[in-house]
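Sequential numbering of the sequence shown, starting at -13, is according to this note's numbering. Okay, structure first, notes after.
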Amino acid sequence: MISIKNISKSYDKKNKIIENLNLDIKDGEIFGFLGPNGAGKTTTIKMITGILDIDEGDILIDGKSIIKNPVEAKMNFGYVPDSPDIFLKLKGIQYLNFMADMYGIGLEERKNKIEELTKLFEINDVLQDKIQSYSHGMRQKIIIIGSLLHEPKNWIIDEPMTGLDPKSTYELKQIMRQITSKNHAVFFSTHILDVAERLCDKIGIINNGKLLFVGSVEEMRDKLKENKSLEELFMEITKND
Ligand SMILES: Nc1ncnc2c1ncn2[C@@H]1O[C@H](COP(=O)(O)OP(=O)(O)OP(=O)(O)O)[C@@H](O)[C@H]1O
Ligand SMILES: [Mg+2]
């Protein structure tokens, strides 16, 4: 469960990039965070994960404040950033062991998990290579795997499908469903509206740092009184902003 409580953020003390944002992502829910480029999705995600300071408000991850109890809050989520170009000097296996160490995962458990997930995403044969030799999609996969080792109660992923091949995209969606079937939460940003329409229990649409809509796609259709695709509804709801 992620509770965003009235947060605001500006980068330059003048323009508010995020303004009084309130949002709850409930356990057992796949929540899709949608919005045009520059809307404030990554900024919001970076505040949830404690990478960016919050100017006003607070964010609770399973009841733990990212401001007051950052370490406890961080133990409650797994995070995949929008850019996978990190820890390039480490070998794949070193990165995964580093992540397992951070979350205090025992040797046997991590071995099984790493084997299972690297086979699933078909990168088990490159774990002795440095991440800098990986393609964009392979880097994406190693970060996805690293974020799953501790079986996060909240999985926060910023545009996770960018650059993934069809099989990996399929596996990613399956994992999202598995996580929510354990009554954990998935919060992801995406521009792929047909995936969002089929996958998400709930969507939120943000533009210019303000939330324009939160609810199911069905609720959005009811609200606009139109029987349209999510793509058409998205164009309609973001057009005057
Ligand atoms: N480090 C930064 N310094 C100054 N402004 C920033 C910084 N990062 C983002 N911004 C601005 O904040 C706004 C929101 O950016 P953000 O990256 O949150 O958008 P987004 O919704 O994730 O977009 P995209 O779909 O392109 O990923 C944009 O106007 C952007 O220019
Ligand atoms: Mg972004």
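Even for Gly, the Cβ is constructed at its ideal location relative to N, Cα and C. All of these numbers come straight from a predicted model, not from anything done at the bench.
Return the bridge partner residues of residue i from the DSSP annotation.
{"i": "Y65", "result": "I142"}
{"i": "D10", "result": "S(-11)"}
{"i": "A171", "result": "N140"}
{"i": "E42", "result": "S(-6)"}
From residue i to residue j, what distance separates their C-alpha atoms?
{"i": "I192", "j": "K27", "result": "7 Å"}
{"i": "D111", "j": "V66", "result": "22 Å"}
{"i": "N62", "j": "K214", "result": "37 Å"}
{"i": "Y89", "j": "K225", "result": "43 Å"}
{"i": "L210", "j": "E204", "result": "10 Å"}
{"i": "F92", "j": "I130", "result": "In the sequence under discussion, the amino acid at residue 92 is Gly, which differs from the Phe named in the question. Going by the C-alpha atoms only, they are around 19 Å apart."}
{"i": "E222", "j": "S(-4)", "result": "27 Å"}
{"i": "L106", "j": "L179", "result": "25 Å"}
{"i": "D44", "j": "L20", "result": "21 Å"}
{"i": "I72", "j": "I37", "result": "14 Å"}
{"i": "K80", "j": "I128", "result": "A small fix is needed here, since residue 80 is Gln in this sequence, not Lys. Spanning the two alpha carbons is a distance of roughly 11 Å."}
Would you say the beta carbon of residue i is closer than 7 Å to some non-hydrogen atom of ligand 2?
{"i": "T28", "result": "yes"}
{"i": "E183", "result": "no"}
{"i": "S175", "result": "yes"}
{"i": "D44", "result": "no"}
{"i": "D39", "result": "no"}
{"i": "D71", "result": "no"}
{"i": "D68", "result": "yes"}
{"i": "E145", "result": "yes"}
Closest by CA to residue i, which one among the options?
{"i": "I(-7)", "options": "G201, K211 and K196", "result": "K196"}
{"i": "M33", "options": "K99, S167, I(-10) and Y156", "result": "I(-10)"}
{"i": "E217", "options": "A182, M(-13) and M85", "result": "A182"}
{"i": "P152", "options": "G78, G123, S175 and H136", "result": "G123"}
{"i": "A171", "options": "I3, I142, I189 and Y156", "result": "I142"}
{"i": "D48", "options": "E212, D10 and S202", "result": "D10"}
{"i": "N140", "options": "L158, Y120, T166 and N98", "result": "T166"}
{"i": "K(-1)", "options": "R207, S133 and E42", "result": "E42"}
{"i": "D68", "options": "T35, G201 and F199", "result": "T35"}
{"i": "E137", "options": "I100, Y81, R207 and I52", "result": "I100"}
{"i": "M(-13)", "options": "F73, E5, E222 and D13", "result": "D13"}
{"i": "I238", "options": "M85, K97, F199 and N194", "result": "Outside the shown range of the chain (-13 to 227) lies residue 238, about which nothing can therefore be said."}
Tell me whether residue i counts as near ligand 1, meaning its Cβ is closer than 7 Å to at least one heavy atom of that ligand.
{"i": "I3", "result": "yes"}
{"i": "G64", "result": "no"}
{"i": "G24", "result": "yes"}
{"i": "D48", "result": "no"}
{"i": "G21", "result": "yes"}
I want to see whether chain E comes within less than 8 Å of residue i, judged by CB atoms only; does it?
{"i": "G132", "result": "Annotation note: the requested chain E is absent from the structure, which comprises a single protein chain."}
Since residue i and residue j should fall inside the 8 Å C-beta cutoff, what is the C-beta to C-beta distance between them, to a whole number of angstroms?
{"i": "G229", "j": "L134", "result": "Because the chain is modelled from -13 through 227, residue 229 falls outside the range shown and cannot be assessed."}
{"i": "F17", "j": "F173", "result": "5 Å"}
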